[in-house]
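Chains as they are written, first to last, in the working numbering: chain A, 15 to 164; chain B, 15 to 164; chain C, 2 to 431; chain D, 2 to 431. By construction, the Cβ of each residue, glycine as well, lies at the ideal position given by its N, Cα and C atoms. Notes follow the structure.
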Amino acid sequence: MNRNFEQNEQMTIQEIQEEIVDEFSMFDDWMQRYEYMIELGKSLPLIDDQYKTEDYIIKGCQSKVWVHAQMKDDKVVFTADSDAIITKGIIAILIRAFSNQKPQDIIDADTSFIDEIGLKEHLSPTRANGLVSMIKQLKLYAVAYQTQLN
Amino acid sequence: MNRNFEQNEQMTIQEIQEEIVDEFSMFDDWMQRYEYMIELGKSLPLIDDQYKTEDYIIKGCQSKVWVHAQMKDDKVVFTADSDAIITKGIIAILIRAFSNQKPQDIIDADTSFIDEIGLKEHLSPTRANGLVSMIKQLKLYAVAYQTQLN
Amino acid sequence: MDGREISLQFRFFTSFKMTNKDTIQSKLNIDTIRKDFPILFREVNGRPLVYLDNAATSQTPRQVINTIVDYYQNLNANIHRGVHTLSQEATDAYEEARRKIQEHFNIAKPHEVIFTSGTTHSINLVATGFTSFLDKDDEVLVSAMEHHSNIVPWQMLCERTGAKLKVIPMTVDGELKMEEYNKLLSQKTKLVFCNHVSNALGTINPIKGIIDAAHGVGATVLIDGAQAAAHIKADLQALDVDFYTVSAHKMCGPTGVGILYGKEEWLNKLPPYQGGGEMIAEVTFEKTTYADLPHKFEAGTPNICGGIAFGAALDYMNAIGFDMITEYEDELVRYATEQLLTIEGLKIYGTAKHKTSVISFNIKGIHPYDIGTILDKLGIAVRTGHHCAQPIMDFYQIPGTVRASFSFYNTKEEVDVLVEGVKKAKSMLL
Amino acid sequence: MDGREISLQFRFFTSFKMTNKDTIQSKLNIDTIRKDFPILFREVNGRPLVYLDNAATSQTPRQVINTIVDYYQNLNANIHRGVHTLSQEATDAYEEARRKIQEHFNIAKPHEVIFTSGTTHSINLVATGFTSFLDKDDEVLVSAMEHHSNIVPWQMLCERTGAKLKVIPMTVDGELKMEEYNKLLSQKTKLVFCNHVSNALGTINPIKGIIDAAHGVGATVLIDGAQAAAHIKADLQALDVDFYTVSAHKMCGPTGVGILYGKEEWLNKLPPYQGGGEMIAEVTFEKTTYADLPHKFEAGTPNICGGIAFGAALDYMNAIGFDMITEYEDELVRYATEQLLTIEGLKIYGTAKHKTSVISFNIKGIHPYDIGTILDKLGIAVRTGHHCAQPIMDFYQIPGTVRASFSFYNTKEEVDVLVEGVKKAKSMLL
Ligand SMILES: Cc1ncc(COP(=O)(O)O)c(C=O)c1O
Ligand SMILES: Cc1ncc(COP(=O)(O)O)c(C=O)c1O
Numbered sequence: 015m016n017r018n019f020e021q022n023e024q025m026t027i028q029e030i031q032e033e034i035v036d037e038f039s040m041f042d043d044w045m046q047r048y049e050y051m052i053e054l055g056k057s058l059p060l061i062d063d064q065y066k067t068e069d070y071i072i073k074g075c076q077s078k079v080w081v082h083a084q085m086k087d088d089k090v091v092f093t094a095d096s097d098a099i100i101t102k103g104i105i106a107i108l109i110r111a112f113s114n115q116k117p118q119d120i121i122d123a124d125t126s127f128i129d130e131i132g133l134k135e136h137l138s139p140t141r142a143n144g145l146v147s148m149i150k151q152l153k154l155y156a157v158a159y160q161t162q163l164n
Numbered sequence: 015m016n017r018n019f020e021q022n023e024q025m026t027i028q029e030i031q032e033e034i035v036d037e038f039s040m041f042d043d044w045m046q047r048y049e050y051m052i053e054l055g056k057s058l059p060l061i062d063d064q065y066k067t068e069d070y071i072i073k074g075c076q077s078k079v080w081v082h083a084q085m086k087d088d089k090v091v092f093t094a095d096s097d098a099i100i101t102k103g104i105i106a107i108l109i110r111a112f113s114n115q116k117p118q119d120i121i122d123a124d125t126s127f128i129d130e131i132g133l134k135e136h137l138s139p140t141r142a143n144g145l146v147s148m149i150k151q152l153k154l155y156a157v158a159y160q161t162q163l164n
Numbered sequence: 002m003d004g005r006e007i008s009l010q011f012r013f014f015t016s017f018k019m020t021n022k023d024t025i026q027s028k029l030n031i032d033t034i035r036k037d038f039p040i041l042f043r044e045v046n047g048r049p050l051v052y053l054d055n056a057a058t059s060q061t062p063r064q065v066i067n068t069i070v071d072y073y074q075n076l077n078a079n080i081h082r083g084v085h086t087l088s089q090e091a092t093d094a095y096e097e098a099r100r101k102i103q104e105h106f107n108i109a110k111p112h113e114v115i116f117t118s119g120t121t122h123s124i125n126l127v128a129t130g131f132t133s134f135l136d137k138d139d140e141v142l143v144s145a146m147e148h149h150s151n152i153v154p155w156q157m158l159c160e161r162t163g164a165k166l167k168v169i170p171m172t173v174d175g176e177l178k179m180e181e182y183n184k185l186l187s188q189k190t191k192l193v194f195c196n197h198v199s200n201a202l203g204t205i206n207p208i209k210g211i212i213d214a215a216h217g218v219g220a221t222v223l224i225d226g227a228q229a230a231a232h233i234k235a236d237l238q239a240l241d242v243d244f245y246t247v248s249a250h251k252m253c254g255p256t257g258v259g260i261l262y263g264k265e266e267w268l269n270k271l272p273p274y275q276g277g278g279e280m281i282a283e284v285t286f287e288k289t290t291y292a293d294l295p296h297k298f299e300a301g302t303p304n305i306c307g308g309i310a311f312g313a314a315l316d317y318m319n320a321i322g323f324d325m326i327t328e329y330e331d332e333l334v335r336y337a338t339e340q341l342l343t344i345e346g347l348k349i350y351g352t353a354k355h356k357t358s359v360i361s362f363n364i365k366g367i368h369p370y371d372i373g374t375i376l377d378k379l380g381i382a383v384r385t386g387h388h389c390a391q392p393i394m395d396f397y398q399i400p401g402t403v404r405a406s407f408s409f410y411n412t413k414e415e416v417d418v419l420v421e422g423v424k425k426a427k428s429m430l431l
Numbered sequence: 002m003d004g005r006e007i008s009l010q011f012r013f014f015t016s017f018k019m020t021n022k023d024t025i026q027s028k029l030n031i032d033t034i035r036k037d038f039p040i041l042f043r044e045v046n047g048r049p050l051v052y053l054d055n056a057a058t059s060q061t062p063r064q065v066i067n068t069i070v071d072y073y074q075n076l077n078a079n080i081h082r083g084v085h086t087l088s089q090e091a092t093d094a095y096e097e098a099r100r101k102i103q104e105h106f107n108i109a110k111p112h113e114v115i116f117t118s119g120t121t122h123s124i125n126l127v128a129t130g131f132t133s134f135l136d137k138d139d140e141v142l143v144s145a146m147e148h149h150s151n152i153v154p155w156q157m158l159c160e161r162t163g164a165k166l167k168v169i170p171m172t173v174d175g176e177l178k179m180e181e182y183n184k185l186l187s188q189k190t191k192l193v194f195c196n197h198v199s200n201a202l203g204t205i206n207p208i209k210g211i212i213d214a215a216h217g218v219g220a221t222v223l224i225d226g227a228q229a230a231a232h233i234k235a236d237l238q239a240l241d242v243d244f245y246t247v248s249a250h251k252m253c254g255p256t257g258v259g260i261l262y263g264k265e266e267w268l269n270k271l272p273p274y275q276g277g278g279e280m281i282a283e284v285t286f287e288k289t290t291y292a293d294l295p296h297k298f299e300a301g302t303p304n305i306c307g308g309i310a311f312g313a314a315l316d317y318m319n320a321i322g323f324d325m326i327t328e329y330e331d332e333l334v335r336y337a338t339e340q341l342l343t344i345e346g347l348k349i350y351g352t353a354k355h356k357t358s359v360i361s362f363n364i365k366g367i368h369p370y371d372i373g374t375i376l377d378k379l380g381i382a383v384r385t386g387h388h389c390a391q392p393i394m395d396f397y398q399i400p401g402t403v404r405a406s407f408s409f410y411n412t413k414e415e416v417d418v419l420v421e422g423v424k425k426a427k428s429m430l431l
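Structure follows, in structure tokens:
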């Protein structure tokens, strides 16, 4: 699966999202989708332990999620971790789509693919898993770097 | 109507209550009953103005009701007033039954005749007219005098 | 009769747009509306109920009742932090209600809407929160026509802090004396509180002017919207008010829920009111950190069903339209005023130029309680007494009034029943 | 299996009366009971709902829903002081509910029942009221297993007064260390607060002993009955407790209402909490005198419908009978415990000798959130997280637990679904 995280240096966010939607469309039921998501979680580019602190935690999740971002050339590279494996799968999917992309592209990105891969139930802002907070946080990093670039 | 207040020196509470029930039973509808009650209110033995103070007010009424009691020989004599005429009618009926009676008889008196004369709606302890508070107050006076007697 | 011929008697409806009564009644389709309110078909003492106690609490349409039933049959769960579907659906519905309230009152941010158990709770939250912001040289101004809920909490605040409570006086018509108000305002004024509509008199207070003048001296303003909200759709951003309070039960919603609107900066400044679940971010026995808005002020399990049903009540009223509601209610009150004043000895308290939905009156020589009792016998529900506004009664030196208060589901025919009832009561009682 | 052969595993049910499971289930007629709860027939994610989040909020029987509908269709009016029939009928119904609560908890006087919006409100009322009764040399004791609602208000009180908060420690089984408690008690102890049942662990605390020992040093005791009330019928006079709190939504009642029980002498001593309508006897701008109990603590329009529906919920539960409920729920929990413990790596938190209706657990190596999410997919509603009892999680050094909590309308079959679900989750997540 690590393949995906390397490959997407060449692909646009849109293309990666389509790829993810394709992959998930192979599954018939939620169980397979969740198992695949958990699988993806295991391939998440892990955050360096030094960043697993309060400062890097995303609020609004029942489980802990840490995200770190840095600029490499003109692209934002994300790493993350979570103490819950489903949450890890969710953030892995987001990072696969958003990491190694230009800040402005991240800011502009649509996230409706989440719905298409059958994770719609995670999309409400009131959800305890914090998917919406995660997207917000990733985009905030992008905004911060975009501001530096301007 | 004053007749009633004089007469009852000879009658028991029970007898007076029956007399009142008889009188009210002549009426076909609430309107006549209320008109008669208002009439009775006008014949109420009025409280001396010096007692129309906070000390003599009965709580729990939307209108003001003052009641005064004193012992004459071995009987309790009540006087009262109210700024609302229906309330005055209600207290007049009570006083007609209870005034000029021995404390113990007042304490022991049943008050279900109120129901029989069609004033049932006033009998709940939560009612704003304070009928229940009035009965309580009259009986409290009787208790106080009875204690003196013992 | 035509709009330009409004007689002196109705001068307090200068802003009234005159339309043919039947047209309004049919524009609103009152018959259809009334069918939404099952209770209106009840009998009281053998007569059809005529419910004219809307200022105390409004009636509840079946759409709201159905929302409640649906909640308990399909959605009931504790909200926030729950992972399971029921909890998430209940949370969504509750937060959607908050959003509806935000939209209705044109509030900038959803978390500026704090759910409370009602106006009284909302006001106490603010009054308690201000304890550390006031000292004995400060002054707080209260209008002369407040409900006890908007007096007592501030008296308690003044007792705690030593600040001084000053009263903005009113005229015999029941209008605030704005020149006096402007004179009372000074650098010492820290808080001003006033209702939007007086529940005892029906006066619509000039709150925009009150707010702007207060802000001119740096004072904070709380407007008690409890009585206004069923009749006037307030635009809280346009008003620039600091705090605004509403009770759902007065606007077709359920009992036990209301809101406090507060500007974000104020809500951030105020300390939490109650401690408990939801309102904290982190708890140890040594230290507790508080959660973000709105949770900081929403300790414990809230009235979840109540909040959701409040949203349904707003939907219901907005589907009818507040313009229509206001126009129709004004018409009803004008008609009722006209008819009541034909009764000799009847005096109306509260004759402000701008008023809404409330007629407080007495008949010379008769106690209001007596009139209320006879009207009840006739199936007519009005309120009698001081209406939790004793200072107003003291002002007029009366023990209380009879108050008929109207809603959009009342009719001209009900006004006629009221007027006949008052006449009957007068003939019995005088 | 026979009562005298209870294995070690179930030693925490010493008081458990062993009966044939099917007999109990049929004694209670669970099928009939379940039909009273429309929500139990809902589907979640395509599966029949298995609702095991009863400790967060219980479900509502149609008898209670019907009471609510009936209220809004026939009775809705503002209460107290109203002369008209509707208001008087609503007042009677509300006061009748107070009387039912009084009777249920064997309370001496109806006005010792204060209606609140729930336990959190009740506790804050007391904690705020005690501000002037404490000073910096005083101590207050809190158990180690409290809900945030029974911690934060007292922390705030201690901050205001300088009094010291001390913690009654617990064992790994989740039992309070009573010897430590007795050592902590001294003449300095002014207040002790503890829950009757822990919502996170299910422990039934020995509150009679706690109360008596506290009274021995002259301390006042508040028992948080929020979690107990659905399972245990407390006799408050026999307990001689000073304050007791309940939330209706945890015992088949509606959201947004609860009670504070207080001994009359305490309620008379405590200052009013909120200012507003109802709670005053006389208001002028200079001075306000407060009304008698219970009104002194019931400012503003209460949750009238909620209070009445709370009464209906008590009627419903009492018709089934608390003895039956307790016996059946104990049986369910015993069975669930037994079955869950067959899963390798599953650990239960809270293994006190006396416990009720709650099983908190984790599986080694799996985050509770993950288990909760998978269970939800299977239609099973459990709660995950710290259950508003972070200090307990800190004690066990875990981020949270999965909590399955039971009610009398749950079945053995639902327990089986839960156990299968946990196994499935484990296989997916490990
Ligand atoms: C033990 C305990 N105390 C207090 C509370 C708070 O109750 P409420 O949220 O109804 O105010 C709860 C509810 O979760 C509880 O379980
Ligand atoms: C103007 C005004 N303020 C405050 C209140 C109190 O509202 P509640 O009783 O819903 O807290 C009322 C209700 O009577 C009111 O009319």
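Check                                                                                                                                                        : Outcome
Does the beta carbon of C/GLN228 fall short of 7 Å from some heavy atom of ligand 2?                                                                         : yes
What does C/LEU166 pair with, by DSSP beta-bridge criteria?                                                                                                  : C/VAL141
Is there contact between the region 260–277 of chain D and the region 333–344 of chain D, where contact requires at least three CB pairs shorter than 8 Å?   : no
Please report the straight-line C-alpha distance between C/THR352 and C/ALA201, rounded to a whole angstrom.                                                 : 11 Å
Which residues share a DSSP beta bridge with C/TRP267?                                                                                                       : According to DSSP, which records beta bridges pairwise, C/TRP267 is partnered with nothing at all.
Just verifying my parser: in three-state terms, what is the DSSP assignment at B/MET85?                                                                      : strand
Put C/ALA98 into one of helix, strand or coil per three-state DSSP.                                                                                          : helix
Beta carbon of C/ILE445, beta carbon of C/LEU240: below 8 Å?                                                                                                 : Here chain C covers residues 2 to 431 and nothing more, so residue 445 of chain C does not appear.
Nearer than 7 Å: is that true of the beta carbon of D/ALA57 relative to any heavy atom of ligand 1?                                                          : yes
Contact criterion: CB-CB distance below 8 Å. Does D/TYR73 meet it with respect to chain C?                                                                   : yes
Can D/GLN238 and D/ILE108 be called in contact, C-beta distance under 8 Å?                                                                                   : yes
Determine the closest residue to C/THR302 out of C/PHE131, C/TYR262 and C/SER88, with distance taken between C-alpha atoms.                                  : C/SER88
Taking Cβ positions only, does D/GLY346 come closer than 8 Å to chain A?                                                                                     : no
For ligand 2, I want to know if C/ASP225 counts as a neighbour, meaning its beta carbon is within less than 7 Å of at least one of the ligand's heavy atoms. : yes
Whose Cβ in chain C lies nearer than 8 Å to the Cβ of B/ASP1?                                                                                                : The structure shown has nothing for residue 1 of chain B, since chain B only spans 15 to 164.
Give the secondary structure of D/LYS22 by DSSP, where H, G and I count as helix, E and B as strand, and everything else as coil.                            : Per-residue confidence for D/LYS22 stands at a pLDDT of 49, beneath the threshold of 50, marking its modelled position as unreliable; the derived number appears in the next sentence. Three-state DSSP puts D/LYS22 in a helix.
The alpha helix (DSSP H) that contains C/TYR73, what's its start and end?                                                                                    : C/TYR73 -> no alpha helix (DSSP H), and no H or E assigned at all.
Could you tell me which chain D residues have their CB closer than 9 Å to the CB of C/CYS389, listed as they occur along the chain?                          : ARG82, GLY277, GLY278, GLU279, ILE281 and VAL284
Is C/ASN125 near ligand 2 - that is, is its Cβ less than 7 Å away from at least one heavy atom of it?                                                        : no
Run the proximity test for D/ASN304: is its beta-carbon closer than 7 Å to any non-hydrogen atom belonging to ligand 1?                                      : no
Buried or exposed, going by whether 16 or more other CB atoms sit within 10 Å of the CB of C/THR172?                                                         : exposed
Can you name the residues that DSSP bridges to C/PRO49?                                                                                                      : C/GLU44
So which of C/GLY130, C/ILE169 and C/ILE367 has the shortest CA-CA distance to C/GLY346?                                                                     : C/ILE367
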